[in-house]
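In our numbering, the protein residues as written are 887 to 1054. I have placed the structure first, in the form of structure tokens, so that the comments after it can refer back to it.
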């Protein structure tokens, strides 16, 4: 990540602060080994995972006021995982997923910035049924449908990972 320009910020939710290291902007790109390219992620789409989007803020504010209790929560297409970091701060059982190969590195860095426990993460391809996620009580995600084909892929993914009484 050394060739990338980064941004450090703190987002407040009531009296809870979430510290984040993100890409400085959507112009950042760093794929020297072509890992993202091999996954079908173009240079133009590469930075999409690495910034905080308005929809991510809306989801995080919603989830901040949501009663999680003992629900097992899955964040789909987590990107900078703002909601996962917030839920982690509340000691929720959270698993974060994304397809981008750099997401996990940023998640680990941001978990450390917040001095919290590690968040379970799995890099997921919605088209494949080869993950080890299991079933969840609550599945969350924001701004995750970029292509028409994602609709059916995501619907099938939800079906595979939802308990009979799950909320999505």
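The beta-carbon is built from N, C-alpha and C at its ideal position, and this holds for glycine as well.
For residue i, list the residues DSSP reports as bridge partners.
| i | result |
| --- | --- |
| residue 902 | 899 |
| residue 1080 | An answer regarding residue 1080 cannot be provided, because it is not within the stretch 887 to 1054 covered by the chain. |
| residue 1007 | 982 |
| residue 962 | Beta-bridge pairing links residue 962 to no other residue. |
| residue 908 | 893 |
| residue 990 | In DSSP, residue 990 forms no bridge with anything. |
| residue 1035 | Answer by DSSP bridge pairing: none, since residue 1035 is not bridged. |
| residue 1053 | 1024 |
Hey, out of the options, whose CA is closest to residue i's CA?
| i | options | result |
| --- | --- | --- |
| residue 891 | 915, 919, 906 | 915 |
| residue 963 | 1049, 903, 1040, 1051 | 1040 |
| residue 1008 | 985, 933, 912 | 985 |
| residue 1012 | 1035, 901, 957 | 1035 |
| residue 896 | 979, 929, 983, 966 | 966 |
| residue 949 | 941, 973, 1005 | 973 |
| residue 1055 | 902, 977, 983 | Here the chain covers residues 887 to 1054 and nothing more, so residue 1055 does not appear. |
Between residue i and the rest of its own chain, which residues show a CB-CB distance below 6 Å, the 5 nearest in sequence each way excluded?
| i | result |
| --- | --- |
| residue 989 | 935 |
| residue 1027 | 962, 963 |
| residue 939 | 1029 |
| residue 887 | Its pLDDT being 45, under 50, residue 887 is placed unreliably in this model, and the value from its coordinates should be taken loosely. If we look at residue 887 and ignore the five residues flanking it on each side, it has no Cβ neighbours. |
| residue 829 | Since the displayed the chain opens at 887 and closes at 1054, residue 829 lies outside it and no answer follows. |
| residue 987 | 921, 922 |
| residue 894 | 907 |
Less than 8 Å between C-beta atoms, sequence neighbours within five positions excluded: which residues of the same chain meet that for residue i?
| i | result |
| --- | --- |
| residue 1031 | 1037, 1040 |
| residue 945 | 968, 969, 1026, 1027, 1028 |
| residue 899 | 946, 947, 950, 972 |
Identify, in the order they occur along the chain, each residue of the same chain with its Cβ nearer than 7 Å to the Cβ of residue i, setting aside the five sequence neighbours on each side.
| i | result |
| --- | --- |
| residue 923 | 917 |
| residue 1000 | 904, 905, 971, 975 |
| residue 1025 | 960, 962, 1044, 1047, 1048, 1052, 1054 |
| residue 889 | 916 |
Could you spell out the range, first to last residue, of the alpha helix (DSSP H) harbouring residue i?
| i | result |
| --- | --- |
| residue 949 | 940-950 |
| residue 974 | 968-975 |
| residue 930 | Counting along the chain, residue 930 falls outside any alpha helix (DSSP H), and DSSP gives it neither H nor E. |
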